[in-house]
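Numbering (our numbering), first residue to last: 52 to 480.
C-beta: ideal position from N, C-alpha, C; glycine also.
Every value quoted in this text rests on a predicted model; they were computed, and no experiment measured them.
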């Protein structure tokens, strides 16, 4: 759809001798937008958040000149060229949380090219180069470091809870005790990462990226579904000398019964190709329906995946610049190498820690499985008889993520819940 608005404007130019020269022109503003991308109600109240295509026509020379004007940057540059002081400030939507530590707004939704869609559909993964503003990600990393310092104990407790198949944190009140508990269970001391769930509920900047039409519309296009729900975000901190992330499948950890499930993996620093710790994918594993169909989750076949798939099927997208994003299906087998690359110095520092934000979306029609709700109920009973029971059809790594809302939802039904919000289309927000 296009809307054209014609405005007659008289501009008075003043030279150094204070002589004024009137200049009358006609400005035709042509606003182009797609109903699939931008809610019409946003065109007025939120126009500064989206880039508009604007054409200027002068009555003097009838010369057409098109400019892409985005929030603050391009408009302020034009204002400065005529000697005026920029005064444009962001327009805030009603009830919108503004991130005061980040002045960069995310771009508008964009079409995912056919090559990327084919890669995702055929191989189960793809890359989106220069997809997010680097300055936004730098600010995001700084804010997330605060979360890490505040919640590092909870991250260690989550490791113990997964290892012991328990929801109790009482047996692990300190980091040192959590580490001793893991050692007593025979687990390696070089854990693969520390994980922090749902930082979007604590930081408006993370909420902005998780609910952004940019990511949500891309998820809709890649999965080929009209409506998308935010499942969770996970901050992965792979510290210097942290071990290898083992091969795993994300969807096995979720409570949903669906094939439409994907994750955007967003590195918060550049990742080199030599010794980098970006994700490694096994091509086409998302379409290997025989693996879960014929083999139990604890079966031997899952212990010999290196024999099931050829080593030539492993693929990665390194190097990754700041702003590059990889995306993979929830059913794609993937892992990450240990953070012991030659690019790191021998002396440990926070700059050597690899930060990555994983944002996961799911089909809005996806339903919750009964076995997950029943398993959570057993956990909450804290019965000794249920001490070592597991979900019958899934892994328990995400349990602490969906625990706050899972019992509010009836299995095998369509549902709405504010902790797993609908993010696409935006008209449903």
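Beta carbon proximity, residue i to chain B, threshold 8 Å
i: residue 183; result: The structure shown contains no chain B; it holds only a single protein chain.
Whole-angstrom distance between residue j and residue i, CA atom to CA atom
i: residue 444; j: residue 237; result: 25 Å
i: residue 172; j: residue 273; result: 8 Å
i: residue 290; j: residue 199; result: 12 Å
i: residue 263; j: residue 248; result: 18 Å
i: residue 193; j: residue 347; result: 42 Å
i: residue 256; j: residue 191; result: 7 Å
i: residue 471; j: residue 251; result: 11 Å
i: residue 422; j: residue 302; result: 15 Å
i: residue 468; j: residue 461; result: 11 Å
i: residue 168; j: residue 275; result: 9 Å
i: residue 231; j: residue 223; result: 9 Å
i: residue 466; j: residue 278; result: 13 Å
i: residue 420; j: residue 355; result: 28 Å
i: residue 296; j: residue 353; result: 16 Å
i: residue 464; j: residue 174; result: 31 Å
i: residue 359; j: residue 325; result: 27 Å
i: residue 140; j: residue 404; result: Low confidence applies here, because residue 140 scores a pLDDT of 36, under 50, leaving its location unreliable; read the following figure in that light. Distance between the alpha carbons of residue 140 and residue 404 is about 35 Å.
i: residue 170; j: residue 372; result: 20 Å
i: residue 166; j: residue 176; result: 12 Å
i: residue 120; j: residue 391; result: Low confidence applies here, because residue 120 scores a pLDDT of 36, under 50, leaving its location unreliable; read the following figure in that light. Distance between the alpha carbons of residue 120 and residue 391 is about 44 Å.
i: residue 477; j: residue 426; result: 34 Å
i: residue 367; j: residue 217; result: 34 Å
i: residue 215; j: residue 282; result: 24 Å
i: residue 185; j: residue 332; result: 24 Å
i: residue 345; j: residue 159; result: 43 Å
i: residue 292; j: residue 241; result: 7 Å
i: residue 195; j: residue 189; result: 10 Å
i: residue 261; j: residue 412; result: 9 Å
i: residue 351; j: residue 357; result: 12 Å
Span of the beta strand (DSSP E) around residue i
i: residue 299; result: 296–299
i: residue 380; result: 376–380
i: residue 179; result: 176–179
i: residue 317; result: 312–318
i: residue 31; result: Nothing can be reported for residue 31: it is not among the residues displayed for the chain, which extend from 52 to 480.
i: residue 387; result: 385–387
i: residue 248; result: 245–248
Beta-carbon gap between residue i and residue j smaller than 8 Å
i: residue 451; j: residue 209; result: yes
i: residue 407; j: residue 287; result: yes
i: residue 183; j: residue 327; result: no
i: residue 306; j: residue 453; result: yes
i: residue 280; j: residue 474; result: yes
i: residue 284; j: residue 410; result: yes
i: residue 342; j: residue 387; result: no
i: residue 369; j: residue 317; result: no
i: residue 267; j: residue 157; result: no
i: residue 234; j: residue 207; result: no
i: residue 245; j: residue 300; result: no
i: residue 254; j: residue 161; result: no
Terminal residues of the alpha helix (DSSP H) in which residue i lies
i: residue 207; result: 185–215
i: residue 360; result: Per DSSP, residue 360 belongs to no alpha helix (DSSP H) and is neither H nor E.
i: residue 261; result: 255–261
i: residue 267; result: 264–274
i: residue 344; result: 341–345
i: residue 229; result: 226–235
i: residue 454; result: 450–457
i: residue 429; result: 421–432
Residue closest to residue i, alpha-carbon to alpha-carbon, out of the options
i: residue 335; options: 363, 353 and 344; result: 363
i: residue 483; options: 227, 410 and 458; result: Any question about residue 483 goes unanswered here, given that the chain covers just 52 to 480.
i: residue 378; options: 354, 389, 344 and 337; result: 337
i: residue 298; options: 351, 383, 242 and 464; result: 383
i: residue 164; options: 174, 179 and 300; result: 179
i: residue 212; options: 292, 448 and 476; result: 448
i: residue 181; options: 345, 385, 320 and 344; result: 320
i: residue 243; options: 228, 294, 350 and 430; result: 294
i: residue 315; options: 271, 349 and 345; result: 271
i: residue 431; options: 455, 446 and 351; result: 455
i: residue 349; options: 446, 229 and 201; result: 446
Specify whether the region 411–426 and the region 307–315 touch according to this definition: at least 3 beta carbon pairs, one from each stretch, less than 8 Å apart.
yes
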